[in-house]
Structure formats: C-alpha cells, structure tokens
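K.L.:
For the sequence shown, the UniProt record's numbering assigns the number 1 to the initial residue and increments by one for each residue that follows. Please see the structure below; I have some questions.
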Amino acid sequence: MAEISVEIVAYGTPLYDSVTDLRRAILRAPLGLDFTQEELAAEIADVHFAALAGGEVVGTLLLHPINRTTVQLKRMAVAERAQKQGIGRVLVLAAENYARKNNVQTITMHARETARGFYESLGYVIDGDPFDEQNIPHIVMFKTI
Numbered sequence: 001m002a003e004i005s006v007e008i009v010a011y012g013t014p015l016y017d018s019v020t021d022l023r024r025a026i027l028r029a030p031l032g033l034d035f036t037q038e039e040l041a042a043e044i045a046d047v048h049f050a051a052l053a054g055g056e057v058v059g060t061l062l063l064h065p066i067n068r069t070t071v072q073l074k075r076m077a078v079a080e081r082a083q084k085q086g087i088g089r090v091l092v093l094a095a096e097n098y099a100r101k102n103n104v105q106t107i108t109m110h111a112r113e114t115a116r117g118f119y120e121s122l123g124y125v126i127d128g129d130p131f132d133e134q135n136i137p138h139i140v141m142f143k144t145i
C-alpha cells in the first residue's frame, strides 16, 4: 500500500463525498441502511478526516463536538482491502492530535464491540455496559487526552 496521509475534509466537497461513500459501503450497506439527508446535513459542524493512499480514500472518521472540551469520535471506517494495515491507528492518532491542538480534553465514542480491543490498545477505556445500536453490540469508551 502507498504511504498514508491524513487530511481534514471540508464538508460538501468532492472529498467529503468520497469519505461518505466509504462510510456508506463499510458501515451502512451491510445493514441494508443508508444515511438520511438529515444525518448528512447535521455533519456540517463536524470535523471530517480522510486517510489517503495514492490519492484514494482508504479510511475516514469524524469528530462531533459535544461541548468545548469533549468530542465524540464517530463513523470510523477503513476500506476492506486496507484493513489490518495500521490505517485506523493513523486516523485516530491524527484526530487526537487535532483535538489536543483545539483544547479538547476528552474523546468519547460508541465503539462496536468488535473494535473494543483496537480502541483499548490506543488507551480508550470502557464507560458503562454494552448496548445495541442498529442491532450491533456497542460499548461507550473514552480517553482523556
């Protein structure tokens, strides 16, 4: 795989459309779902990240502001052919660095249970009991940065 770079993505741009397509393919299509126009319109206040390899989007996540010192990491996806190659780690570390530079103190998330070990390896801790979101087991996790 080509060298990975991470860029912040402006809402409504062609690159935003590409990261949305990746999220749709990885997170929604397997469940028979799609993003609603309302969900996408609500993302205007979020900070979107794209992992690029050779100019192609291979990963994405977004940070959703909760308040001035807390953000929620959401909608992380890595292309199937690019999984298990460290792209998720690069994305999360880039998002943490951005958050730190913007005076964020806490990152929280609803992590899929299958990704729990990945996030624990990055220092995230569990906060509460497992729950289902869209019929998929999730757990609330957070990290103080």
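Quick reminder that beta carbons are idealized off the backbone N, C-alpha and C, glycines included. These figures come from a predicted structure and were not determined experimentally.
#1: Give me the Cβ distance between Phe35 and Thr20, rounded to the nearest whole Å; I'm assuming they're in contact under 8 Å.
#2: Could you pull the start and end residues of the alpha helix (DSSP H) that Gly123 belongs to?
#3: Among Leu91, Gly123, Arg112 and Ala42, which residue has its Cα nearest to the Cα of Phe131?
#4: State the Cα-Cα distance for the pair Ala10 and Leu33, rounded to the nearest angstrom.
#5: Please report how far the alpha carbon of Ser5 lies from the alpha carbon of Ala29, in whole angstroms.
#6: Go ahead and label Thr60 buried or exposed: buried means 16 or more other beta carbons lie within 10 angstroms of its beta carbon, across all protein chains shown.
#7: Starting from the C-beta of Leu40, find all residues in its chain whose C-beta is less than 8 Å away, skip the five residues before and the five after it, and write them out in chain order.
#8: In three-state DSSP terms, what is Asn102?
#9: Determine the closest residue to Pro65 out of Val47, Tyr119 and Asn135, with distance taken between C-alpha atoms.
#10: Distance check for Phe49 and Ala95, CA to CA, integer angstroms please.
#11: Among the candidates Leu93, Arg81, Gly123 and Ala42, whose CA atom is the shortest distance from the CA of Asn7?
#12: Ordered along the chain, which non-local residues of its own chain (more than five positions away) have a Cβ less than 6 Å from that of Val78?
#13: In three-state DSSP terms, what is Asp132?
#14: Alpha carbon to alpha carbon, what distance is there between Arg75 and Arg23?
#15: In angstroms with no decimal places, state the Cα-to-Cα distance between Asn102 and Leu122.
P.N.:
By the coordinates alone:
#1: 7 Å
#2: First-last for Gly123: undefined, no H or E at that position.
#3: Arg112
#4: 24 Å
#5: 26 Å
#6: buried
#7: Thr20
#8: coil
#9: Val47
#10: 7 Å
#11: The question names Asn, but residue 7 is Glu in the sequence shown. It is Leu93 whose Cα lies nearest to the Cα of Glu7.
#12: Gly59, Ile87 and Gly88
#13: strand
#14: 7 Å
#15: 20 Å
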